[in-house]
Amino acid sequence: MLDIVSEFYPGITEYKSLLEETCKDIPKAKIAFNHYYDERLKMNADTSPEGAKKMTDARGCMAAIVAECQVKRQMGFIQFRR
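Each residue of the sequence shown is one higher than the last, beginning at 1 in this note's numbering.
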């Protein structure tokens, strides 16, 4: 995953850092993760109903993670180094 989104987040080598970066700019994160899922579809090419459901579930999961990040950030639970 990190290699696919590296054009949006160069230098990120850990998922925790990726989460912190995505929380800083949600519209950019949406574009990056849509790119990730599009590339993943190209690699796996699983167009069966089961494969499509897995991809939809994965996108929903990522959306929930980003939404949780936004809520925690607004409530002050997540602090970023400046």
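The C-beta atom is built at its ideal place from N, Cα and C for all residues, glycine as well.
Computed from a prediction, not measured in an experiment: that's the story for all the values here.
Where residue i falls, given that 16 or more other Cβ within 10 Å makes a residue buried
{"i": "Cys71", "result": "It should be noted that the sequence gives Val, not Cys, for residue 71. Exposed: under 16 other Cβ atoms inside 10 Å."}
{"i": "Tyr36", "result": "buried"}
{"i": "Phe33", "result": "buried"}
{"i": "Ala64", "result": "exposed"}
Nearest-angstrom Cβ-Cβ length linking residue i and residue j, presumed shorter than 8 Å
{"i": "Leu19", "j": "Tyr9", "result": "No, Leu19 and Tyr9 are not in contact; Cβ-Cβ is about 11 Å, not under 8 Å."}
{"i": "Cys23", "j": "Cys69", "result": "4 Å"}
{"i": "Glu21", "j": "Ile31", "result": "Their Cβ separation, rounded to whole angstroms, is 13 Å, which puts Glu21 and Ile31 out of contact at 8 Å."}
{"i": "Ile4", "j": "Glu39", "result": "5 Å"}
Distance, residue j Cα to residue i Cα
{"i": "Ala52", "j": "Ala58", "result": "10 Å"}
{"i": "Leu155", "j": "Thr56", "result": "Any question about residue 155 goes unanswered here, given that the chain covers just 1 to 82."}
{"i": "Val66", "j": "Arg73", "result": "10 Å"}
{"i": "Ser16", "j": "Ser6", "result": "What sits at residue 16 in the sequence shown is Lys, not Ser. Cα to Cα, the separation comes out at about 14 Å."}
{"i": "Lys54", "j": "Ser48", "result": "10 Å"}
{"i": "Ser43", "j": "Asp25", "result": "It is Met, not Ser, that sits at residue 43 in the sequence shown. One C-alpha to the other measures close to 27 Å."}
{"i": "Leu2", "j": "Gly76", "result": "27 Å"}
{"i": "Glu14", "j": "Ala29", "result": "15 Å"}
The ligand MN heavy atom lying under 7 Å from the CB of residue i
{"i": "Lys24", "result": "The ligand content of the structure shown is nil, which means the ligand MN is not present either."}
* Can you give, in chain order, each stretch of the alpha helix (DSSP H) that sits fully within the segment 17 to 56 and has at least 4 residues? -> Listed in chain order, they are 26 to 44.
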